[in-house]
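Note that the protein sequences, when read in sequence, are chains A and B.
If you use the working numbering, the first sequence corresponds to residues 43 to 275, in order.
If you use the working numbering, the second sequence corresponds to residues 74 to 499, in order.
For reference, the structure is listed below as structure tokens.
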Amino acid sequence: MNGDDVLIQARNLVKDYPMGDEVYHALRGVDLTVKRGEFLAIMGPSGSGKSTLLHLLGCLDTPTSGEYLLAGTPVHTLTADALAELRNREIGFIFQMFFLLPRSSALENVELPLIYAKVPPAERHQKALEALQFLKLETHAHHKPNQLSGGQRQQIAIARALVNKPSLIMADEPTGNLDSATSDKIMAQLSELNAMGNTLILVTHEPDVAAYAPRQVRIRDGKIVSDERVKKP
Amino acid sequence: MTAAALDKKSIYGFWGTLMELFRIALRAIWASKMRSFLTVLGIIIGVLAVVAVVSIMQGVFQSFLGRFEALGGDTLFIEPNYRLYKDYSEAVKRLKLTYSDAQAVAQDVPQVKEICAILSRQDAISFHGHHDTTQVWGTGDSFASMNSFTPEYGRFLAPMDVAARRKVCVLGHEVLDKLALSDDCVGQEIQIGHGTFQIVGVLQKKGGSVFGNQDDAVFIPLSTAILQYGQEAADSLLIQVQIRDPKLMDAAIERISAVLRRQHGLKFGQQDDFRTVTQDEILKQIKEFSSISTLVVGAIVGITLIVGGIGIMNIMLVSVTERTREIGIRMAVGAKRAHILYQFLIESVTLSTLGGVLGLLLGWGVAHLTVAILHHTVAETFPAAYVPVWVMFLSLGFAAFTGAVFGVYPAVKASRLDPIEALRYE
Numbered sequence: 043m044n045g046d047d048v049l050i051q052a053r054n055l056v057k058d059y060p061m062g063d064e065v066y067h068a069l070r071g072v073d074l075t076v077k078r079g080e081f082l083a084i085m086g087p088s089g090s091g092k093s094t095l096l097h098l099l100g101c102l103d104t105p106t107s108g109e110y111l112l113a114g115t116p117v118h119t120l121t122a123d124a125l126a127e128l129r130n131r132e133i134g135f136i137f138q139m140f141f142l143l144p145r146s147s148a149l150e151n152v153e154l155p156l157i158y159a160k161v162p163p164a165e166r167h168q169k170a171l172e173a174l175q176f177l178k179l180e181t182h183a184h185h186k187p188n189q190l191s192g193g194q195r196q197q198i199a200i201a202r203a204l205v206n207k208p209s210l211i212m213a214d215e216p217t218g219n220l221d222s223a224t225s226d227k228i229m230a231q232l233s234e235l236n237a238m239g240n241t242l243i244l245v246t247h248e249p250d251v252a253a254y255a256p257r258q259v260r261i262r263d264g265k266i267v268s269d270e271r272v273k274k275p
Numbered sequence: 074m075t076a077a078a079l080d081k082k083s084i085y086g087f088w089g090t091l092m093e094l095f096r097i098a099l100r101a102i103w104a105s106k107m108r109s110f111l112t113v114l115g116i117i118i119g120v121l122a123v124v125a126v127v128s129i130m131q132g133v134f135q136s137f138l139g140r141f142e143a144l145g146g147d148t149l150f151i152e153p154n155y156r157l158y159k160d161y162s163e164a165v166k167r168l169k170l171t172y173s174d175a176q177a178v179a180q181d182v183p184q185v186k187e188i189c190a191i192l193s194r195q196d197a198i199s200f201h202g203h204h205d206t207t208q209v210w211g212t213g214d215s216f217a218s219m220n221s222f223t224p225e226y227g228r229f230l231a232p233m234d235v236a237a238r239r240k241v242c243v244l245g246h247e248v249l250d251k252l253a254l255s256d257d258c259v260g261q262e263i264q265i266g267h268g269t270f271q272i273v274g275v276l277q278k279k280g281g282s283v284f285g286n287q288d289d290a291v292f293i294p295l296s297t298a299i300l301q302y303g304q305e306a307a308d309s310l311l312i313q314v315q316i317r318d319p320k321l322m323d324a325a326i327e328r329i330s331a332v333l334r335r336q337h338g339l340k341f342g343q344q345d346d347f348r349t350v351t352q353d354e355i356l357k358q359i360k361e362f363s364s365i366s367t368l369v370v371g372a373i374v375g376i377t378l379i380v381g382g383i384g385i386m387n388i389m390l391v392s393v394t395e396r397t398r399e400i401g402i403r404m405a406v407g408a409k410r411a412h413i414l415y416q417f418l419i420e421s422v423t424l425s426t427l428g429g430v431l432g433l434l435l436g437w438g439v440a441h442l443t444v445a446i447l448h449h450t451v452a453e454t455f456p457a458a459y460v461p462v463w464v465m466f467l468s469l470g471f472a473a474f475t476g477a478v479f480g481v482y483p484a485v486k487a488s489r490l491d492p493i494e495a496l497r498y499e
């Protein structure tokens, strides 16, 4: 893999939401380029448009106008099903609320993306188990989410995000529901993933969490106000 | 991706995904067992009712059909045309079908192979202080061969018994129990009505036949019966005719009609005062009745299943709402709309089909239980319930179909959810 390879190229992204007769401008023209292997934090207060940007970059939604190329694919032109396929193949999500299926075991939760990728069962188990092993959670493979701690649940979610070897991992306030010790552990693991070559986009409003990322993008009122590379302390 | 990996995926592909969705559906159904059960209760009860009713009815029809089919296509009956009179008792008084009619048919209809005249009466029987009633049949030796009756002990009626008006009788098997007679009762005497008859034979168990329960009956010579029951009884006999070849049936009926019209002195233009009934006609009537009642039951099923289906749709809609978050998660990790659509559709079809299976089993049980209860209370000869294969497939098919039809709307609703909205749903 070429380190200079461009993974994300967003040009003049605009997202409008109709609010009755008015139009709410969530994003007012965002340009962003992310290379493969980068780790960036998108920061901003609530209502700044950072969630909207996350949804667009994560292929959960398409922009009102503007262009978004993910690994060369013009995302802004895709249908809902094509977006689903792209999410399945290229993106791993980590959410603040973990978003695990409550009735499924840890292993089954990790397998979920592989089901939609049509991976046969034996191979699926193998890959999911490897992902759990990477997070040292293989002993909890058959536990249900409610038998696990918050940190463990988020680790299951990380394993799920990793399992299909996506180009991009998106973490939306991944430590928002965790205590600070667990937060540190999770952030250390995410940093490790980045060190192994994974591209990581972190959305947060907490400066100490954002501090793990070498590149910090600040957004306010639907526009990027700063984009700085910081040296790690 | 390597070529080998691609290959593997395409092999797994469609059916693999379908199996996964099926597994997910089963899990969801199992996770809320009680609710699933209540959801399909309508379907269960619908299928139960249908299977129970149809299988009891089919049992009765099959047993009727069996009786008449056992006769064979070469048998016909002649009876007084009771339909000529509105009042049955008047008809009995006015109409005549006599032993000499039977003799005339035997002599003048060349197609006849065997013939027997039958007089039938309900009468009291008794033996050593045991009293009961049974059907008394006055007939002759040919009755046994035409209806394939075989004696277990002793013999059936012989030509001599009829000729000499002997007071002898042959017992159906059940009569032994009714009168507390032992197996070696041949030679003993019982009371039939006001006459005393010597037992010459006991028949093998036979069960139902075209004449009703053949085990609960006694057979005496026709001539003796006429003596015992008088002229009115002698004038309204039933005549059973067996012809040489089923192909000769139409010719035989025509000839019989001519002979009997002559016997009865009917003028041109006068209606027949007798009626011929063939096995084919009876079978046709039974089948017609059977299909009409099946149709009625079918209509009831349809209504029940619509009600059951609405129940399923209702709960599936609730389920989609409750599982909005789950749908959002699945979409986020790559489920397409079709995946979500089929997941919920398969769930409702699986649910209703399981309901159908449960209803089928319960219906089968209820049918057999009902028949068992009827056996003990109403009639020992009530035919066993019979569940035709088509009923099983039809009821399961209908259940699955209901699940599919009423599952579409909730499934479409689920698949149209926006992933972001679905994830945000609390």
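Heads up, the beta-carbon is just placed ideally off N, CA and C, and yes, glycines get one too.
Model, not experiment: these values are computed from the prediction.
Taking one beta carbon from each stretch, the region 414-429 of chain B and the region 95-103 of chain B have 3 or more pairs nearer than 8 Å; the two touch. Under the DSSP assignment, residue 59 of chain A falls in the beta strand (DSSP E) whose first and last residues are 48-61. A contact between stretches requires three or more CB pairs, one per stretch, nearer than 8 Å, and the region 152-170 of chain B fails this requirement with the region 317-325 of chain B.
Counting C-beta pairs with one atom in each stretch, the region 132-141 of chain A and the region 214-231 of chain A have three or more that are closer than 8 Å, which means they touch. Within a 10 Å sphere around the beta-carbon of residue 233 of chain B sit fewer than 16 other beta-carbons, which makes this residue exposed.
With fewer than 16 other Cβ atoms from the protein chains shown falling within 10 Å of its own Cβ, residue 64 of chain A counts as exposed. Going by DSSP, residue 313 of chain B is part of no alpha helix (DSSP H) but of the beta strand (DSSP E) stretching over 311-316. In this chain, the alpha helix (DSSP H) harbouring residue 140 of chain B covers 114-144.
Residue burial is scored here from C-beta neighbours: residue 297 of chain B has at least 16 other C-beta atoms within 10 angstroms and is therefore classed as buried. Taking 9 Å as the threshold, the shortest C-beta distance from residue 85 of chain B to chain A falls below it.
As computed with DSSP, residue 270 of chain A is found in a beta bridge with A/258. Note that the region 473-483 of chain B touches the region 421-438 of chain B; at least 3 beta-carbon pairs, one per stretch, sit closer than 8 Å. Not a single CB atom of chain A sits nearer than 9 Å to the CB of residue 107 of chain B. Check the Cα spacing between residue 177 of chain B and each of B/167, B/330, B/270 and B/480: the tightest is with B/330. In the displayed model, residue 349 of chain B falls within a strand according to three-state DSSP.
Annotated as proximal: residue 124 of chain B and residue 437 of chain B, with beta-carbon spacing under 9 Å. Proximity of chain B to residue 102 of chain A at the Cβ level (cut-off 7 Å) is accounted for by 405, 492 and 493, in chain order.
Nearest C-alpha to residue 179 of chain B among B/250, B/333, B/137 and B/222: B/333.
The closest CA to that of residue 143 of chain A, considering only A/264, A/198, A/98 and A/62, is found on A/198.
In chain order, 141, 142, 143 and 154 make up the part of chain A whose C-beta sits under 8 Å from the C-beta of residue 402 of chain B. The region 242-323 of chain B contains, as complete alpha helix (DSSP H) runs of 4+ residues, the segments 246-251 and 295-308 (chain order). Residue-level contact by beta carbon holds for residue 90 of chain B and chain A, with a gap shorter than 9 Å. Contact of residue 399 of chain B with chain A is assigned, a C-beta pair being separated by under 9 Å.
When A/250, A/102 and A/71 are compared, the shortest CA-CA separation from residue 404 of chain B is found for A/102. DSSP, reduced to helix, strand and coil, places residue 70 of chain A within a strand of the structure shown. In this structure, residue 313 of chain B and residue 150 of chain B form a Cβ contact; the two beta carbons are roughly 6 Å apart against a cut-off of 8 Å. Rounded to whole angstroms, residue 448 of chain B and residue 192 of chain B show a C-alpha spacing of 28 Å. Secondary structure note for residue 441 of chain B: it is in no beta strand (DSSP E), and the uninterrupted alpha helix (DSSP H) holding it is 410-450.
In the three-state reduction of the DSSP assignment, residue 467 of chain B falls in the helix class. In this structure the region 121-139 of chain B touches the region 356-368 of chain B; the number of beta carbon pairs closer than 8 Å is three or more. The C-alpha of residue 384 of chain B lies about 42 Å from the C-alpha of residue 220 of chain A. Using beta-carbon distances, residue 176 of chain A does not count as an interface residue toward chain B, since no partner is under 9 Å. Rounded to the nearest whole angstrom, the C-alpha separation of residue 328 of chain B and residue 346 of chain B is 15 Å.
Taking all protein chains shown into account, residue 442 of chain B has fewer than 16 neighbouring C-beta atoms within 10 Å of its C-beta and is therefore exposed. Within 10 angstroms of the beta-carbon of residue 172 of chain B lie 16 or more other beta-carbons, which makes it buried. The beta-carbon of residue 496 of chain B is placed less than 9 Å from the nearest beta-carbon of chain A.
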